[in-house]
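Asker: Quick one: the structure is below, questions incoming.
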Amino acid sequence: MIALRSRWFVALALAPCLITVAKQAQSATPPNSAILISGSSTVYPFSKAAIETYASRQNKGVAFKAEAVGTSAGFRQFCSKGIVIAAASRPINSKELAACKANGVRFLELPVAFDAITVVVNPSNSFAKEISTAQLRTLWERNAQGKVMRWSQVNPSWPNTPIRLCGPGKDSGTYDTFNKAINGNETNSRQDYTASEDDNVLVKCVAQDPNSLGYFGFDYYQANRSRLKALAVDGLRGSVTPSVSAVQSSRYLPLSRPLFFYVNDQALKSNPALRSLIVATLEQGVKVAQKAGVIPLQDSTYRLVTNKLYRNVLGSAFAGKLPIGLTVGQVLERSFDEHKKPQFR
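According to this note's numbering, the sequence shown is numbered sequentially starting from 28.
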């Protein structure tokens, strides 16, 4: 990361110019215009916090709205030009890249925070304190459907009582990432569970049933700590409980992941309010992330992302693939790569 920061240092000096221009341009924003941030339910609290932080500092003539429809649904809206900002809990995939290209949608891929996919149980559960990735696979893979139905089937020392599962639906980026990390494939999941793209539904599912287990974004666990119990996950770095420090130090693997804003390049150039919103969000990135309950990047990293915006580095750095088990530094190195193959720019 030191080499990365050095490589960008000179260009960073110019980033304040972008902030100044964006703030000056705000006065030219037409009244009653609206900007919609749509997509991931995990990123939704960050999107809301970004809008609130920006609105408190700018004129009130611009309307903003955030909605949670799931990462995949957000990308469908984005690549069909229905929205100009997609909030995503995974990188854009090859099918979505092709759809954006077919519709002439060029974009910037901006990391805005990190997340820990958190495995939770009801607080009254006294026996489960940690779970391994192998046990999660036993419980959640497609072959478990209709077969693995009791706690004792996951761990023989656990009681022989029914288990109720609560998890994201198929339009969720959390669904894709969890299944790739745990089951080896984004679509390898049992379907006999309570599914929703609304994480509040999943929180309620676990909080109201002593026999339940679920998984979703860290921010929803943070907001409901009194109603949920997080399990340590025995993964690539041993048994680790999800936390801000565990993710920032790259210990909570393989269930850590970056969160993104995807921003339409044409809209970014033509709409001063949109550019001002993005700049203000990155400028206040740590504050926005903390307000939302997600895991912030470092201040220096938000400056690097601002510089990526300033340099107008287009396209995805992930070549349509879902990375699993990368450290924070590896994700950021890849995200700032300016030597991507043309088809991914």
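C-beta atoms are modelled at their ideal positions from N, C-alpha and C, and glycine is treated no differently.
1) With DSSP run on the structure shown, which of helix, strand or coil describes Ile-110?
2) What separation, rounded to the nearest whole angstrom, lies between the Cα atoms of Val-321 and Glu-79?
3) Here's a check: name, in chain order, each residue in its chain whose Cβ is nearer than 8 angstroms to the Cβ of Asp-224, leaving out the five neighbours to either side.
4) How would you label Gly-342, buried or exposed, when you count the other beta carbons within 10 angstroms and need 16 or more for buried?
5) Helix, strand or coil for Arg-117 per DSSP?
6) So the candidates are Leu-229, Pro-189, Ala-140 and Ile-158; which of them puts its Cα closest to the Cα of Asp-326?
7) Which same chain residues end up closer than 6 angstroms to Ala-77 when comparing Cβ atoms and leaving out the 5 residues on each side of it in sequence?
8) Is it buried or exposed, Ala-208, if we count other Cβ atoms within 10 angstroms and call 16 or more buried?
9) Got a sec, what are the start and stop residues for the alpha helix (DSSP H) Ser-362 sits in?
10) Only counting the same chain, and skipping five residues up and downstream in sequence, which positions put a Cβ closer than 7 angstroms to that of Gln-218?
11) For Gln-235, tell me which candidate among Glu-136, Val-290, Ile-112 and Ser-151 has the shortest Cα-Cα distance.
12) Per DSSP, what kind of secondary structure is Phe-73 in: helix, strand or coil?
13) Which residue or residues does DSSP assign as beta-bridge partners of Gly-342?
14) Suppose the cutoff is 8 angstroms on Cβ atoms and the five residues either side in sequence are ignored; what does the same chain contact list for Gln-317 look like?
15) Please name the residue in Ala-90, Ile-64 and Trp-185 whose C-alpha comes closest to that of Ile-112.
16) How far does the beta strand (DSSP E) with Leu-258 in it extend, from its first residue to its last?
17) Buried or exposed: where does Thr-328 fall if 16 or more other Cβ atoms within 10 Å of its Cβ makes it buried?
18) Please state whether DSSP places Phe-245 in a helix, a strand or coil.
19) DSSP three-state call for Leu-263: helix, strand or coil?
20) Put Ala-93 into one of helix, strand or coil per three-state DSSP.
Answerer: With the structure as the only source:
1) Within the sequence shown, numbered from 1, the residue matching residue 110 stands at position 83. Residue state for Ile-110 is assigned as coil, using DSSP reduced to three classes.
2) Residue 321 sits at position 294 when you count from the first residue of the sequence shown. Residue 79 sits at position 52 when you count from the first residue of the sequence shown. For Val-321 and Glu-79, the distance between alpha carbons rounds to 16 angstroms.
3) The residue given as residue 224 occupies position 197 in the sequence shown. It should be pointed out that residue 224 corresponds to Glu in this sequence rather than to Asp. Closer than 8 angstroms at the Cβ level, and outside the excluded window around Glu-224, lie Ser-68, Ala-95, Val-96, Gly-97, Ala-100, Pro-195, Gly-196, Asp-198 and Ser-199.
4) On the sequence shown, position 315 is the one that residue 342 refers to. Under this definition Gly-342 is a buried residue.
5) Within the sequence shown, the letter at position 90 stands for residue 117. Here Arg-117 sits in coil by DSSP.
6) Position 299 of the sequence shown, counting from 1, holds the residue named residue 326. Closest option to Asp-326, Cα to Cα, is Ala-140.
7) Residue numbering aside, residue 77 sits at position 50 when the sequence shown is read from its first letter. Thr-308 and Val-315, listed in sequence order.
8) As a working note, residue 208 is residue 181 in the sequence shown. Buried is the call here.
9) Numbered from 1 along the sequence shown, position 335 holds the residue referred to as residue 362. It spans 355-362 - the alpha helix (DSSP H) in which Ser-362 sits, taken as one unbroken run.
10) As a position in the sequence shown, residue 218 is number 191, starting the count at 1. Cβ contact annotation for Gln-218 (same chain, cutoff 7 angstroms, sequence separation greater than five): Gln-172, in chain order.
11) Mapped onto the sequence shown, residue 235 falls at position 208. Taking only the C-alpha atoms, the option nearest Gln-235 is Ser-151.
12) On the sequence shown, position 46 is the one that residue 73 refers to. Residue state, collapsed to three classes: helix.
13) Looking up residue 342 in the sequence shown gives position 315. Gly-342 pairs with Leu-135.
14) Residue numbering aside, residue 317 sits at position 290 when the sequence shown is read from its first letter. Excluding sequence positions up to five before and after Gln-317, its CB lies within less than 8 angstroms of the CB of Pro-323, all in the same chain and listed in chain order.
15) Locating residue 112 in the sequence shown gives position 85, where the first residue counts as 1. The shortest CA-to-CA distance from Ile-112 to any of Ala-90, Ile-64 and Trp-185 is the one to Ile-64.
16) Start at 1 with the first residue of the sequence shown, and residue 258 comes out as number 231. Segment: none, Leu-258 is in no beta strand (DSSP E) and carries neither H nor E.
17) Looking up residue 328 in the sequence shown gives position 301. The Cβ neighbour count for Thr-328, taken over all protein chains shown within 10 Å, is at least 16; the residue is labelled buried.
18) Within the sequence shown, residue 245 is the residue found at index 218, counting from 1. The DSSP-derived three-state label of Phe-245 is helix.
19) To locate residue 263, count along the sequence shown from 1; it is residue 236. Reduced to three states, the DSSP call for Leu-263 is strand.
20) Numbered from its first residue, the sequence shown carries residue 93 at position 66. If DSSP states are grouped into helix, strand and coil, Ala-93 belongs with the strands.
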